[in-house]
Every structure is written in C-alpha cells, then in structure tokens.
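Okay, so the sequence shown: first residue is 444 according to our numbering, each after it adds one.
What follows is a short report on a single structure.
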Amino acid sequence: MPLRPPAPAPQESDRPLPVLSAEVREALAERRPVVALESTIIAHGLPRPRNLQVAGELEDLVREAGAVPATVAVLDGRAHAGLDSGQLERVAGDTALRKLGHRDLAPALALGASGATTVSATAFLAARAGLRVFATGGLGGVHREWVRTQDESADLRLLARTGITVVCAGVKSILDVPATLQRLETLGVGVLGYRTEHFPGFYLSSSGEPVDWTVRTPQEVAAVMRARDALGGPAAALVVANPVPRADQLDPAVHDRVLAGGLEVCRERGITGQAVTPFLLEYLTRETGGASLEANLAAVRGNVRLAARIAAADAAVAR
Ligand code: PSU
Ligand code: MN
Numbered sequence: 444m445p446l447r448p449p450a451p452a453p454q455e456s457d458r459p460l461p462v463l464s465a466e467v468r469e470a471l472a473e474r475r476p477v478v479a480l481e482s483t484i485i486a487h488g489l490p491r492p493r494n495l496q497v498a499g500e501l502e503d504l505v506r507e508a509g510a511v512p513a514t515v516a517v518l519d520g521r522a523h524a525g526l527d528s529g530q531l532e533r534v535a536g537d538t539a540l541r542k543l544g545h546r547d548l549a550p551a552l553a554l555g556a557s558g559a560t561t562v563s564a565t566a567f568l569a570a571r572a573g574l575r576v577f578a579t580g581g582l583g584g585v586h587r588e589w590v591r592t593q594d595e596s597a598d599l600r601l602l603a604r605t606g607i608t609v610v611c612a613g614v615k616s617i618l619d620v621p622a623t624l625q626r627l628e629t630l631g632v633g634v635l636g637y638r639t640e641h642f643p644g645f646y647l648s649s650s651g652e653p654v655d656w657t658v659r660t661p662q663e664v665a666a667v668m669r670a671r672d673a674l675g676g677p678a679a680a681l682v683v684a685n686p687v688p689r690a691d692q693l694d695p696a697v698h699d700r701v702l703a704g705g706l707e708v709c710r711e712r713g714i715t716g717q718a719v720t721p722f723l724l725e726y727l728t729r730e731t732g733g734a735s736l737e738a739n740l741a742a743v744r745g746n747v748r749l750a751a752r753i754a755a756a757d758a759a760v761a762r
C-alpha cells in the first residue's frame with residue numbers, strides 16, 4: 444500500500460509565526476538588541492486603565508536603553524511579537540482577552556482566539572522568533588497549596604526546554620518560593636542573582652533564600668549566555684533574578700499579613716487554576732491601598748531596563 448505523502452510544510456514566509464513588527468524584524472536582521480515583553484501582566488496582572496500607560500512605559504524604557512521592544516500576544520488567531528499602538532490598546536482594554544499559556548497557543552491559533560501570553564507562551568514564541576532576552580515581573584511557580592491542588596505554573600516546564608534568558612524579580616511571592624527553586628534546579632534552569640546573594644521575593648527585595656551564582660554586570664550575563672550556547676546540549680532557560688530596590692519594596696510585615704488573608708479567601712471561595720494568580724495580585728493591590736502595585740511596577744521597570752542592557756551586551760558580542 445502506498446503511503447500517503449506528508450502534507451507540505453507551511454511556508455514560514457506566508458505565515459510567519461509569530462508575526463514580527465517591522466521594527467523587530469529589522470532589528471533582528473541587523474542583530475540589534477531586542478527585548479521580548481509578556482502581555483498577561485498587562486491584561487490580567489495590572490488594573491485598568493493604568494495597565495495601558497504601563498505597557499507604553501515599559502516599551503519606552505526598552506527604547507531608552509537602545510533596544511527594540513517586542514510585546515507578545517495572540518490577536519484573532521495570529522501570534523505577534525511587536526505590537527503597534529492599536530494592538531497594545533486592545534491588549535490593555537479588551538476585557539474578553541484570554542490568558543494563554545504555552546498549551547493554549549495551538550487552540551487559540553486554530554480557532555481564531557485572542558489572548559495575552561503568560562511567561563510560558565511568551566518565552567516559547569519569543570525563542571521561536573529568535574529573540575534571546577525576555578523581561579517580566581515575576582515567574583509563575585509552585586503554589587503554596589501544591590500538595591492539595593498540584594498547581595505548578597506551566598512557566599517552569601516550558602523554561603526548562605527553551606533557551607532564552609528571562610529577567611524577573613524572582614517568582615511571585617504568593618508562591619512556595621523554596622519549592623519553586625527546587626523545581627528550577629530539578630528542571631535544569633540556571634538561576635543568577637543580579638547583584639544579590641539572595642533570590643528576590645517579587646514584591647520584596649529578598650525571599651530569604653540563597654542563590655548559587657551572583658553576577659554584577661550585563662556583560663557577565665551575556666558571557667554566561669555565550670558559555671551556555673557553547674556547551675550545547677538540551678535547551679534550558681537562564682533566569683536572571685533582579686531584586687526590586689529596597690526603597691521600593693512592599694513592607695515585609697504588610698506583605699505577609701495581607702497575603703495570608705488573600706490565600707484564605709482563595710481557599711474559602713475555591714479559586715483555583717489560572718484564576719489564582721490574577722486574583723491574588725488584585726487582592727494585594729486592593730488590601731495594601733496600592734502599595735503592592737507600586738512595588739510590582741518598580742520591579743518590572745527594573746527588569747525591563749536590565750533586560751535591555753543584557754540584550755545590548757549580548758548583541759555586542761554577536762557582532
Ligand atoms: N509578572 C507580573 N504579573 C503577572 C505575571 C508575571 O508582575 O501577572 C503573569 C505571568 O504571565 C506569569 C503568570 O506567566 O503571571 C503566571 O500565572 P500562573 O500562575 O497561572 O501560571
Ligand atoms: Mn497556576
């Protein structure tokens with residue numbers, strides 16, 4: 444029996460995945476620095492309408508540091524890296540936008556859906572486009588109620604398989620931080636403390652947990668990226684853990700008290716799965732009178748600036 448010939452592979456050129464903005468395409472072709480930015484933080488992690496202002500501000504910070512921003516999202520079944528101002532407005536303003544992890548990409552593309560991308564989906568699409576550096580607020584990880592819920596963010600497994608550098612303020616402090624660090628070790632994801640011997644605590648400058656490696660400059664991060672590339676082997680992400688400045692952190696006592704209340708409400712109302720992280724971020728913002736939001740924003744701004752400097756240092760060696 445003759446075998447049925449395989450379907451022809453779709454031409455990259457007629458349907459690039461993700462679709463690149465002209466600015467991102469040109470920068471990549473000329474090996475200029477580009478920084479990927481995620482959109483879930485905009486659509487589901489920050490209150491409207493401040494989120495639109497923040498989305499623009501983060502892109503400006505990347506540009507001021509001499510790099511090109513590539514915000515990633517899925518709109519009407521097409522994945523994008525690099526959004527125009529209308530698309531960014533849609534990500535910030537459309538309340539029907541879904542939250543897409545890596546596993547949601549295929550259904551979203553096939554069914555023409557629109558959604559913001561989490562760390563897992565953003566890292567995947569950014570790496571596919573050839574981007575090497577990505578900035579976010581805090582990674583997802585192992586939730587505190589893991590024994591009961593088995594809730595571990597898909598961010599971790601995806602990062603274990605994707606050769607990208609993620610700049611973050613650690614993992615969200617709503618999580619079980621020691622368990623998440625253990626998972627990162629098991630999964631082979633490298634963790635560098637940026638000018639710190641301690642893993643940051645997202646809203647807090649330190650989670651109290653030690654890190655094995657400390658780097659002091661963007662050039663050192665770029666050197667680690669080169670060494671990882673030269674080693675070869677299975678792809679895995681490098682996490683650059685950049686603490687929020689101490690002056691901008693949330694008061695640790697307020698953090699612990701309000702977070703305990705938020706976790707209690709989650710239990711009472713049975714909030715689970717994808718809803719947990721947005722719920723807790725919003726709860727903390729409300730119950731701290733906006734102080735947690737300011738700490739979150741300070742962390743994200745610092746990460747975006749550092750990511751741009753790392754992308755520039757990496758591009759300088761690549762030339
Ligand atoms: N960083 C922030 N705010 C956020 C997130 C990160 O400062 O909202 C998002 C990221 O998109 C991350 C997601 O991937 O939270 C984790 O969600 P979950 O725990 O459902 O995997
Ligand atoms: Mn989760």
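Virtual Cβ for every residue (Gly too), placed ideally from N, Cα, C.
Closest Cα partner of residue i within the set the options
i, options, result
"isoleucine 485", "Leu599, Arg744, Val634, Leu463", "Arg744"
"alanine 549", "Pro695, Leu501, Phe567", "Phe567"
"glutamate 628", "Val654, Thr514, Val467, Gly544", "Val654"
"glycine 580", "Arg541, Ala684, Leu702", "Ala684"
"glycine 636", "Ala522, Arg474, Leu749, Leu630", "Leu749"
"aspartate 694", "Gly733, Asp598, Arg604, Arg533", "Gly733"
"leucine 769", "Asp503, Ala465, Ala678", "As shown, the chain starts at 444 and ends at 762. That puts residue 769 outside it, with no answer to give."
"alanine 761", "Gln662, Arg689, Val687, Leu702", "Gln662"
"glutamate 481", "Thr561, Arg474, Val497, Leu463", "Thr561"
"arginine 571", "Val701, Arg700, Val462", "Val462"
"glycine 583", "Ala741, Ala718, Arg752", "Ala718"
"alanine 516", "Val505, His586, Val467, Leu531", "Leu531"
"glycine 606", "Val658, Val667, Ala759, Phe642", "Val667"
"valine 620", "Arg506, Ala754, His586, Arg638", "His586"
"glycine 676", "Leu471, Pro686, Gly631", "Gly631"
"arginine 506", "Gly536, Val467, Leu518, Thr565", "Val467"
"leucine 460", "Ala553, Leu504, Ser735, Glu737", "Ala553"
"alanine 742", "Tyr646, Ile714, Glu725", "Tyr646"
"alanine 754", "Val576, Ser464, Arg710, Ala670", "Val576"
"glycine 558", "Asp594, Leu518, Glu595, Gly536", "Leu518"
"histidine 487", "Ser735, Glu737, Phe722, His545", "Phe722"
Nearest-angstrom Cβ-Cβ length linking residue i and residue j, presumed shorter than 8 Å
i, j, result
"alanine 578", "asparagine 739", "In fact, because the Cβ distance is near 13 Å, the residues do not count as touching under 8 Å."
"leucine 495", "threonine 514", "With 8 Å as the limit, leucine 495 and threonine 514 do not qualify as a contact, their Cβ atoms being about 12 Å apart."
"valine 697", "threonine 731", "6 Å"
"serine 563", "glycine 613", "That pair is no contact at about 17 Å."
"alanine 551", "glycine 520", "7 Å"
"valine 682", "valine 634", "5 Å"
"alanine 479", "alanine 597", "Actually they do not touch by this definition, with Cβ atoms about 17 Å apart."
"arginine 533", "alanine 556", "Wrong, their Cβ atoms sit about 13 Å apart, outside the cutoff."
"alanine 665", "alanine 756", "4 Å"
"valine 497", "arginine 475", "At roughly 24 Å, the Cβ-Cβ gap does not stay under 8 Å, so valine 497 and arginine 475 are not in contact."
"glutamate 640", "threonine 657", "6 Å"
With 16 other Cβ atoms within 10 Å as the buried cut-off, status of residue i
i, result
"valine 692", "Here residue 692 turns out to be glutamine, not valine, going by the sequence shown. Glutamine 692 is buried by the Cβ-count criterion."
"serine 528", "exposed"
"glycine 716", "exposed"
"leucine 501", "buried"
"glycine 573", "exposed"
"glycine 509", "exposed"
"glutamate 455", "At glutamate 455, the pLDDT of 48 sits below 50, so the modelled position is not reliable and the matter cannot be decided from this model."
"proline 492", "exposed"
"valine 609", "buried"
"threonine 660", "exposed"
"leucine 674", "exposed"
"leucine 727", "buried"
"aspartate 672", "exposed"
"arginine 591", "exposed"
"proline 490", "exposed"
"aspartate 547", "buried"
"proline 688", "exposed"
"alanine 690", "exposed"
"valine 708", "exposed"
"leucine 599", "buried"
"glycine 713", "exposed"
"arginine 710", "exposed"
"arginine 638", "exposed"
Neighbour flag for residue i against chain C, beta carbons, 8 Å
i, result
"aspartate 672", "Any reference to chain C falls outside this structure, which holds one protein chain only."
Contained beta strand (DSSP E) runs [length at least 3] in the region 512-571, N- to C-terminal order: 521-524, 541-543, 558-560
Inside the region 628-689 only - alpha helix (DSSP H) runs reaching at least 4 residues: 661-674
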